[in-house]
Amino acid sequence: MKNNKGFIATTLIYSFLLLFATLVTVIISNYNYYRNTLNKYNKSINTALNTRINDKYITLYNEIGNSDFEKNNSWNLSNAYYSNPDNKETKKGGLRSLKFPNSTATVTSNKFNCYANRYYYVSYYVFTNGNVGNGTGNIGLFSENNSLIAGESINFVVVNYDNDYNLNWKKKGYLEKSDYNGQCQFRVNYSNNISNTIMHIDNVLVVDVTDIIKKSGVNGSDTLNISTSDQDKFLKNFSNDTKASKINYFSDYSVYSMDNLFINWN
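To get the numbering used here, take the position in the sequence shown, counting from 1, and add 27.
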């Protein structure tokens with residue numbers, strides 16, 4: 028009887044070990060299958076998440092180096108200069124701005140590549156203590172052959188000169204579609220012969236916003252042939268500091284949320 032019990036116990040142990048070995052064999056033989064299946068699911072999930080993130084958020088880059096004029100380099104200055112941080116000279120932010128006296132001046136930024144069939148948003152802040160003339164110069168994004176891509180002729184409204192200079196800054200913004208391939212730069216062609224009149228600019232921004240327009244769903248956005256009225260809407264959304272859809276000044280890069288544009292579009 029004892030021998031029978033021992034035999035049964037031994038049989039059960041061997042059966043258990045055999046079952047365990049079989050299970051281990053099955054798991055090992057199917058490991059690669061399950062691993063590959065899980066990897067496929069993870070890849071699909073990651074792809075879906077990345078697509079959703081890319082559709083919702085756009086990374087923007089400022090093409091202008093030293094765009095806030097805090098460093099004494101990178102800009103080519105002729106009869107213009109950096110404001111003195113030791114004096115109470117006007118600036119939009121930081122310690123310096125770029126100052127233009129009552130004379131002819133030319134200022135150019137670093138060069139960078141521009142591309143045809145791309146939309147560029149250009150903005151800067153300007154301060155004047157009086158009218159610097161009508162059609163006496165221009166300011167904005169220029170091609171290498173000095174052709175204006177996005178900007179305007181200088182014709183600034185009179186701004187009352189005040190001891191608290193920072194109250195008098197005005198933001199200027201432009202949105203244009205480029206038809207030019209080649210080197211570009213931000214440029215100021217300035218001429219002013221009105222005595223005691225000066226101009227400052229600060230916080231210059233030049234951004235390729237093509238991806239924002241493409242993903243907006245606006246009529247013609249897929250081929251980048253939007254209407255003039257829609258282009259004006261984009262500009263108002265980018266430039267209006269009271270809207271969540273605005274593009275704030277930044278020195279290097281910034282992430283733009285498409286949700287803010289959709290909410291503020293109409």
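Even for Gly, the Cβ is constructed at its ideal location relative to N, Cα and C. The structure displayed is predicted, hence computed values, not measured ones.
Nearest by alpha-carbon distance to residue i: which of the options is it?
i: Asn264; options: Ser281, Ile240, Asn100, Pro112; result: Ile240
i: Gly92; options: Asn106, Leu175, Asp279; result: Asp279
i: Asn223; options: Leu46, Asp257, Thr155; result: Thr155
i: Asp249; options: Ser272, Arg145, Gly120; result: Arg145
i: Cys141; options: Gly209, Val231, Tyr151, Glu97; result: Gly209
i: Trp102; options: Ile85, Ile225, Leu202, Ser136; result: Ser136
i: Ser272; options: Asp259, Gln258, Phe289, Ser256; result: Phe289
i: Ser180; options: Lys197, Glu203, Val215, Leu202; result: Val215
i: Tyr276; options: Leu46, Thr49, Ser94; result: Ser94
i: Ile228; options: Ser266, Lys119, Leu46; result: Lys119
For residue i, which residues in the same chain have their Cβ closer than 6 Å to its Cβ, ignoring the five residues on either side in sequence?
i: Pro112; result: Leu122, Arg123
i: Leu104; result: Val134
i: Glu90; result: Phe139, Val233
i: Gly164; result: Ile181, Asn216, Tyr217, Ser218
i: Asp257; result: Val245
i: Tyr188; result: With a pLDDT of only 46 at Tyr188, under 50, the local geometry of the prediction cannot be trusted, and the value read off the model is given with reservation. Cβ neighbours of Tyr188 beyond the five flanking positions: Asn156.
According to DSSP, residue i sits in a beta bridge with which residue or residues?
i: Val282; result: Thr86
i: Ala271; result: Partner(s): none; Ala271 has no beta bridge.
i: Ile228; result: Leu125, Val153
i: Tyr201; result: Val149
i: Leu104; result: Val134
i: Glu179; result: Ile166
i: Asn216; result: Thr133, Asn165
i: Val233; result: Val149
Among residues of its own chain, excluding the 5 on either side of residue i, which ones have a beta-carbon nearer than 7 Å to its beta-carbon?
i: Asn99; result: Tyr109
i: Leu168; result: Tyr147, Val149, Ile176, Ala177, Gly178, Cys211, Phe213, Val233
i: Ile40; result: none
i: Asp238; result: Ile85
i: Phe261; result: Leu202, Ile240
Quick check: residue i and residue j, are their CB atoms within less than 8 Å of each other?
i: Ser281; j: Leu87; result: yes
i: Ile176; j: Tyr148; result: no
i: Lys83; j: Ala107; result: no
i: Val236; j: Lys199; result: no
i: Asn267; j: Tyr151; result: no
i: Lys270; j: Asn252; result: no
i: Asn287; j: Ile221; result: no
Residues in its own chain within less than 8 Å of residue i by CB, not counting five upstream and five downstream?
i: Ala143; result: Ser205, Asp206, Tyr207, Asn208
i: Ser170; result: Cys141, Ile176, Tyr207, Gly209, Gln210, Cys211
key: Continuous alpha helix (DSSP H) assignments of at least 4 residues falling wholly in the region 123-167   = none
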